[in-house]
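In the numbering used here, the protein residues as written are 2 to 227. Note that beta-carbon positions come from the ideal geometry of N, C-alpha and C, so glycine has one too. What follows is one structure encoded as structure tokens, with my remarks underneath.
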Amino acid sequence: MKDPKPRAPYNPFDPTEARPPQGYPSEYLAPTEPRGWTKTPKNASKYEQARAVMRQIKYDPRPPSEKYPGQFKKLRRVNTSEGFMRGIKMTGKVLTVSVLTYGVFFMKWDNGYENVFSPFYRARIRVKGFLTGSLTEQEQQDLIIKERGYTKLASQGHNPVMPGGNPGHVTKEVADLVYERPQQHHMVAAEKKLLAREEAILRAVDIAEAEMAKRGPPKSEKKGWW
């Protein structure tokens, strides 16, 4: 016995379809929200209606496979922006390498004073002088180590540089005065010597006072009858 109420709406693509095109009354109403006391039913959107119809007629947009009967072709995503993304990556790498190279070898950091990039900057100047055979006056000055204050020892073979000034040679007297500048341990040793001297003086004063106390007060001299 044929089901009087089929479970699918009218299918115009089925040649054996015997139902009327307008369908039966109350056959598969458009999907809406459930009716109740707390909600007001809303009509389904066109997208929801299309999905409901496709689910009812069991329609699949995938084309059937000619090689494997009963299966469908799998649509693969085509990456149309592969070249664009590759160009973005290459551009980013080139810009990164360019900025790093300029910052390490060509940029003079900290107003020319010694820093972590100074050896690379001087190496670039030496390579330029080796290739071209000539350097500007500023580049020749940049080859001299410029530091803040006197941080190099005389045994290391570096000429001291005046604080905040331009690099250059100083006289031997100035260098000796700089190297003989008192440090913290010198100050501590001097304070110890001063304290020892003060203690010796106070000890001598105490001994003298004790001796005078033992002798007693000085006797008054008797005056003659004359």
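I'd like the list of long-range same chain contacts for Lys109, defined as Cβ closer than 8 angstroms, with 5 residues on each side in sequence excluded. Here residue 109 refers to the residue found at position 108 of the sequence shown. The residues are Tyr122, Asp143.
Can you find the residues in the same chain that come closer than 8 angstroms, C-beta to C-beta, to Ala51, ignoring five residues on each side of it along the sequence? By 1-based counting over the sequence shown, the position of residue 51 is 50. Contacts found: none.
Residue span of the alpha helix (DSSP H) that contains Gln184, given as start and end: Along the sequence shown, read from residue 1 onward, the residue named residue 184 stands at position 183. Segment: none, Gln184 is in no alpha helix (DSSP H) and carries neither H nor E.
Can we say the region 121-135 touches the region 95-106, given the rule of at least three CB pairs closer than 8 angstroms? yes
Lys74 and Ser66 look like a contact to me (Cβ under 8 angstroms); what is the Cβ gap, rounded to whole Å? On the sequence shown, residue 74 is found 73 positions in, with the first residue counted as 1. On the sequence shown, residue 66 is found 65 positions in, with the first residue counted as 1. Right, their Cβ atoms sit about 5 angstroms apart.
Going by DSSP, name the residue or residues bridged to Pro65. The residue labelled residue 65 in the question sits at position 64 within the sequence shown. Per DSSP, Phe73.
Best match in Phe118, Ile89, Gly88 for proximity to Leu101 [C-alpha to C-alpha]: Position 100 of the sequence shown holds residue 101. The shortest Cα separation from Leu101 among Phe118, Ile89, Gly88 belongs to Phe118.
Between Arg63 and Gln72, what straight-line distance do the alpha-carbon atoms span, to the nearest angstrom? As a first step, residue 63 must be located in the sequence shown, where it is residue number 62. As a first step, residue 72 must be located in the sequence shown, where it is residue number 71. Each residue's alpha carbon lies about 9 angstroms from the other.
Identify the continuous alpha helix (DSSP H) that holds Asp143 and give its terminal residues. For the purposes of this step, residue 143 is taken as residue 142 along the sequence shown, with counting starting at 1. 138-143 is the extent of the alpha helix (DSSP H) around Asp143.
Neighbourhood of Ala130 by C-beta, 8 angstroms cutoff - its chain only, sequence neighbours within 5 removed: Residue numbering aside, residue 130 sits at position 129 when the sequence shown is read from its first letter. In the sequence under discussion, the amino acid at residue 130 is Gly, which differs from the Ala named in the question. Only Leu136, Glu140 meet the Cβ criterion.
Other residues of its chain near His187: CB distance less than 6 angstroms, five sequence neighbours each side excluded: Taking the first residue of the sequence shown as 1, we reach residue 187 at position 186. Hits under 6 angstroms: none found.
CA-to-CA distance, Arg77 to Glu83, given in whole angstroms: As a first step, residue 83 is located in the sequence shown; it is residue number 82 there, counting from the start. As a first step, residue 77 is located in the sequence shown; it is residue number 76 there, counting from the start. Going by the C-alpha atoms only, they are around 15 angstroms apart.
What is the DSSP secondary structure of Ile146, reduced to helix, strand or coil? Along the sequence shown, one-based indexing puts residue 146 at 145. In this structure, Ile146 counts as coil in the three-state DSSP scheme.
Best match in Leu196, Thr17, Ile146, Arg56 for proximity to Asp111 [C-alpha to C-alpha]: Taking the sequence shown and counting its residues from 1, the one referred to as residue 111 is at position 110. When only C-alpha atoms are compared, the closest one is Ile146.
Please report the straight-line C-alpha distance between Ser99 and Gly93, rounded to a whole angstrom. One-based indexing of the sequence shown puts residue 99 at position 98. One-based indexing of the sequence shown puts residue 93 at position 92. Approximately 10 angstroms, taken between the alpha carbons.
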